[in-house]
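Residue numbers (my numbering): 7 to 109.
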Amino acid sequence: MRVAVVTLGGDVLAALDVEPCWTLTEILASLPEPTRSRGSQPRVLHGSAELYPGMSLDDVAASDGSSLTLLFMATLRIVTASIDRTAKIWSMESGECLQTLSG
């Protein structure tokens, strides 16, 4: 089936020939390089249904001719500093320490 990947403003980014079993991973991998954003979280919507990791196009009722909306959410981070002269960058989503800076 053929689907269009569009921006929130309705601009067409890509027209893809996909299978109903495709997941978010396959869709993102099929997009042209300039539409991939580094440092932010991609989200794909079909109407008001979000295509979460592990879900297929079938799961969100996408069919031939559907439009999928691609948007990128900023990855939220927190920076902390300590008396030991280190600073840490943390992911707000996972709580994971992403980087330790010293000096």
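Note that CB positions come from ideal geometry on N, CA and C, so glycine has one too. Here the structure is a predicted model, which means the values were calculated and not measured.
Tell me the rounded alpha-carbon separation between residue i and residue j.
i      : j      : result
Gly16  : Leu22  : 16 Å
Met61  : Ser54  : 15 Å
Gln105 : Leu37  : 29 Å
Arg49  : Ile95  : 23 Å
Trp28  : Ile89  : 49 Å
Thr13  : Arg91  : 43 Å
Ala20  : Ser108 : 43 Å
Does the Cβ of residue i have 16 or more other Cβ atoms within 10 Å, making it buried, or fewer, making it exposed?
i     : result
Val18 : exposed
Ala87 : exposed
Thr75 : buried
Ala68 : buried
Ile84 : exposed
Leu30 : buried
Leu57 : buried
Taking Cβ positions, are residue i and residue j nearer each other than 9 Å?
i     : j     : result
Val11 : Leu63 : no
Mapping the DSSP letters down to three states, classify residue i as helix, strand or coil.
i      : result
Val24  : coil
Ile89  : coil
Leu107 : strand
Leu30  : helix
Give the single residue among the options whose Cα lies nearest to the Cα of residue i.
i     : options                       : result
Thr81 : Gln47, Ser100, Thr29          : Gln47
Val24 : Leu51, Ser72, Glu56, Tyr58    : Ser72
Pro26 : Asp65, Ala20, Ala35, Leu34    : Asp65
Leu77 : Cys103, His52, Leu107         : His52
Met98 : Gly109, Ser108, Met79, Leu107 : Met79
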